[in-house]
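What follows is a single structure, written as structure tokens, with notes after it.
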Amino acid sequence: MKHCLLLLLLCSTIFAKSIEPNPLDQQIISHTFNEEFDQAKKLCQEQININPNSPKYYYYLINAKILENYQKVAELDPDKRSEGRKVLNKEIIDYCESVIDKFDVSKLNIENKFYYGTIYGFLARIYGIDGSWWSAFRSGMKSKKIMEEIIKNDPRFYDAYLPLGMLNYYADRLSGITSFVAGILGFSSNREQGLNYLQLAYNKGTLTFGQTALTLIEVYQGLEGNEYAALPYYEAFLKRFPRNSRVLNAYCQNLMDILDFKTAEGLIKNDKQNLIDDYAKARFYDAKGNSQLAIQLGERALGNEKKLYRGGGNAVRYIIVFNSWLTGDNARIKKYEPTLSDRYKELFAVMKSNERDVRWLRELLILISNDKPINDIENFVKLKPAFDNTKEVEGQFHLLLAEFYFKNDLLEKAEQYFNKAAYSTNEHDKNSAMIYLIQIYLKQTVDKSKVKNLISLIDKSDNSRLTYLSKGLEKKYNL
């Protein structure tokens, strides 16, 4: 009997042991997440040819193809990206379907079940991007069923929590017809459980670090609107995959969004491989007050506009026009002003008609970007103009100062100015202020009247993202 118990304990220990990527797997993972897709795909295909009866290297190949397609779509002309995305997604869908048909899941061991089930998860994501919700949920349910079976058999197979976390989190954000379809298929959702599962996969998984880190970046920065929460995942990902230009540029932009120009400067100065794009550099030098360099880098960025993210070209043109105006370069203004988007034309018109206020506000940004002490900033703010002629510039001032205080963890002062920015005439500034206020009221406990006022503003904004994020306030304050 003792021998049987010892054997059972030994088998359980072996069974629960983490599955580690072998050296070849690590090589494929490194190539994939460092955007060296040809090398990754070549190694995968070689292994598929050697052993076509395992889903493992199909899984790695599909992951590489999906990340490569993101890059391909980003490099298409903006007016061709939608159609190009559909074509590339169709290729991935067809390939995933063909792979799935090759295997009988009941005959796979636990590791191969994970790879097979994750291919269903890939399929669900691509169908979702295409708006094919019925197919997305059906694939998602199959992935969910396989992952739940894996965890039931081995609760320590932590990588299986990644697909479950994604399915729970993303499904919870659905509304309208997509939510209706999910309900018909019995698709449950839970934001908190989804985030917990993602964290579990990130902290304890051994196979999916790159995918999980990218998912958490997307979740916190893109969907939760919390740039600060995304920072550790950016840093950990880039420490392991430093040649990923796409993530590096997103990280650099994120740092400037939260006014961390010191860290952004370190990235730019140490960019020996020239992975940071000229748009990010133009934005950096614009904030630093170096107009000539901002213009120069902006024009260079336009020379390779296809590689800029959606809307990047319009942002670069505005940087060029604005800095040309500041330096009195009328020839460049004449060249680029007609190419501005309608939104930026309106903004530039406001700037031109309020030169004194705009130049003062720019000096404030330069002080902040150069990491001046809080006392210096507050002394400069005492000299602020009255902003008599426009609410647009005043709203920018309120948001900038609020973000500065938030960065320095002076939340009461930050709240004061975010509340003012929440009434800005600029929709983007207004929404940004309300997202920050949600974070402050979740982080601290404040009077219910403040929360009710914010929720009222959110309801008036008719912004689904803000409405979703405000659910946390309703739960915390029992509203």
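In our numbering, the protein residues as written are 1026 to 1504.
Even for Gly, the Cβ is constructed at its ideal location relative to N, Cα and C.
Predicted model only: the values in this text are computed from it and were never measured.
Check                                                                                                                              : Outcome
Selection from Lys1297, Ile1154, Lys1169 that minimises the alpha carbon distance to Phe1139                                       : Lys1169
Simplified DSSP state of Ser1157, which is helix, strand or coil                                                                   : coil
Three-state secondary structure assigned by DSSP to Asp1119                                                                        : helix
Any C-beta of chain D under 7 Å from that of Ile1091                                                                               : Of the chains in the structure shown, none is chain D; there is only one protein chain.
Exposure of Pro1363, with buried meaning 16 or more beta-carbon neighbours within 10 Å                                             : exposed
Start and end residues, alpha helix (DSSP H) containing Pro1410                                                                    : Unbroken run through Pro1410: none, as it is neither H nor E.
Distance between beta carbons of Ser1474 and Ile1483, contact taken as under 8 Å                                                   : That pair is no contact at about 15 Å.
C-alpha gap between Asn1178 and Glu1330, whole angstroms                                                                           : 50 Å
Sequence-distant residues of its chain with Cβ nearer than 8 Å to Tyr1152 (five each side left out)                                : Ile1118, Trp1158, Ser1160, Ala1161, Ser1164
Leu1248 to Asn1047 span [Cα, whole Å]                                                                                              : 34 Å
Whole runs of the alpha helix (DSSP H) within the segment 1466-1495, excluding any shorter than 4 residues                         : 1473-1486, 1489-1494
Contacts around Leu1462, its chain only, beta-carbon distance under 8 Å, and the 5 residues preceding and following it disregarded : Glu1440, Phe1443, Asn1444, Ala1447, Leu1479
Anticipated Cβ contact below 8 Å, Ile1301 with Glu1324, distance rounded                                                           : Incorrect: roughly 17 Å between the Cβ atoms, too far for contact.
CB of Val1520 within 7 Å of CB of Tyr1141, strictly                                                                                : Only positions 1026 to 1504 of the chain appear in this structure, which leaves residue 1520 out of reach.
Contact under 7 Å by Cβ, Lys1332 with Glu1061                                                                                      : no
Neighbourhood of Leu1012 by C-beta, 7 Å cutoff - its chain only, sequence neighbours within 5 removed                              : As displayed, the chain neither begins before 1026 nor continues past 1504, which places residue 1012 out of reach and without an answer.
Among Asn1400, Ile1283, Gln1051, Ile1125, the one whose alpha carbon lies nearest that of Ala1458                                  : Ile1283
Alpha-carbon to alpha-carbon, Tyr1227 and Ile1075                                                                                  : 31 Å
Residue range of the unbroken alpha helix (DSSP H) whose run includes Met1184                                                      : As written in the sequence, residue 1184 is Asp, which differs from the Met given in the question. First-last for Asp1184: undefined, no H or E at that position.
Helix, strand or coil at Asp1102 according to DSSP, with G and I counted as helix                                                  : coil
Simplified DSSP assignment, three categories, for Ala1326                                                                          : helix
Residue span of the alpha helix (DSSP H) that contains Pro1048, given as start and end                                             : 1048-1058
Three-pair Cβ contact test at 8 Å for the segment 1309-1325 versus the segment 1397-1406                                           : no
Cβ-based neighbour list, Asn1251, same chain, cut-off 7 Å, excluding 5 preceding and 5 following                                   : Tyr1245, Gln1464
Outcome for Lys1090 when other beta-carbon atoms lying within 10 angstroms are tallied against a minimum of 16                     : buried
Under the three-state DSSP convention, the category Asn1456 falls into                                                             : helix
7 Å Cβ cutoff met for Leu1365 and Ser1316                                                                                          : no
Nonlocal neighbours in the same chain, by C-beta distance under 7 Å from Glu1233, ignoring five residues either side               : Before going on, a small fix: residue 1233 reads as Thr here, not Glu. Hits under 7 Å: Asp1184, Leu1187, Ala1226.
Length-filtered (4 minimum) alpha helix (DSSP H) runs lying within the segment 1218-1261                                           : 1234-1242
Beta-carbon contacts of Ala1356 that lie in its chain and below 6 Å, excluding the five residues immediately before and after      : none
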